[in-house]
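Inspection log for the structure reproduced underneath, given as structure tokens.
Residue numbers (the numbering used here), protein chains in the order written: chain A, 7 to 103; chain B, 7 to 103.
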């Protein structure tokens, strides 16, 4: 789970890098899916789902992703929190069911 | 973690109930905090943090919250997923540090 507050810095390739990271994550071993939502004030939450902790560690250490992380800290993000979580239970509701 | 897709149904007290649920959750034993973000297309993520599974179970069973859940299913939500997760590790970054 990645909760972030953006800076006002929109001019240096953030959108392209963000798109690239979603595409790259989806190609990694153990990737299960992602949910992401951003508000207009620059707060965002992105939750990516993975098979196990090793998949998460590998993604965290992926070379191109490491560069993105570094650019995130120097430019794009005011603050962020990363939480590594174990999904214990899942419920779903679908009106169409 | 509550990931939801709203219906177009904005006319029947959703905003008031949502405000009320945030306020009520914050009064429950074991409540630690919340993060929430919604996009304009009606997708939202709300993550509330709790001390332990018992706190989560109590909140889920709270009487007024049960009524809200029921109204959510009949009216406000097209789909939702609830995931009960254990936070294993947490990292934070703050540019001001």
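Every residue gets a Cβ at the ideal spot worked out from N, C-alpha and C, and that includes glycine.
- In terms of beta-carbon proximity, residue 100/A lines the interface with chain B, with at least one pair separated by less than 9 Å.
- With 16 or more other Cβ atoms from the protein chains shown falling within 10 Å of its own Cβ, residue 52/A counts as buried.
- Among the residues of chain B, none has a CB under 7 Å from the CB of residue 63/A; the nearest is roughly 11 Å distant.
- Within chain B, 41, 96, 97, 98, 99 have C-beta atoms less than 9 Å from the C-beta of residue 87/A, given in sequence order.
- Comparing alpha-carbon positions, the option among 18/A, 95/A, 88/A, 34/A lying closest to residue 64/A turns out to be 34/A.
- Taking 9 Å as the CB threshold, residue 51/B lines the interface with chain A.
- DSSP lists 49/A, 85/A as the beta-bridge partner residues of residue 11/A.
- Judged by beta-carbon spacing, residue 41/B lies beyond the 9 Å limit of residue 54/A, meaning their Cβ atoms are not closer than that value.
- DSSP places residue 70/B inside the alpha helix (DSSP H), whose first and last residues are 69 to 77.
- The beta carbon of residue 38/A sits closer than 7 Å to those of 55, 56, 57, all from its chain and outside the five residues before and after it, given in chain order.
- Three or more Cβ pairs closer than 8 Å define a contact, and the segment 92 to 101 of chain B meets that threshold against the segment 73 to 86 of chain A.
- Residue 22/B: member of the alpha helix (DSSP H) spanning 20 to 32, first to last residue.
- Rounded to whole angstroms, the gap between the alpha carbons of residue 45/B and residue 60/B is 31 Å.
- Apart from the 5 residues on each side of it in sequence, residue 30/B sits with its Cβ closer than 8 Å to the Cβ of 68, 70, 71 in its chain, given in chain order.
- For the segment 20 to 36 of chain A, no residue has a beta-carbon sitting nearer than 7 Å to a beta-carbon of chain B.
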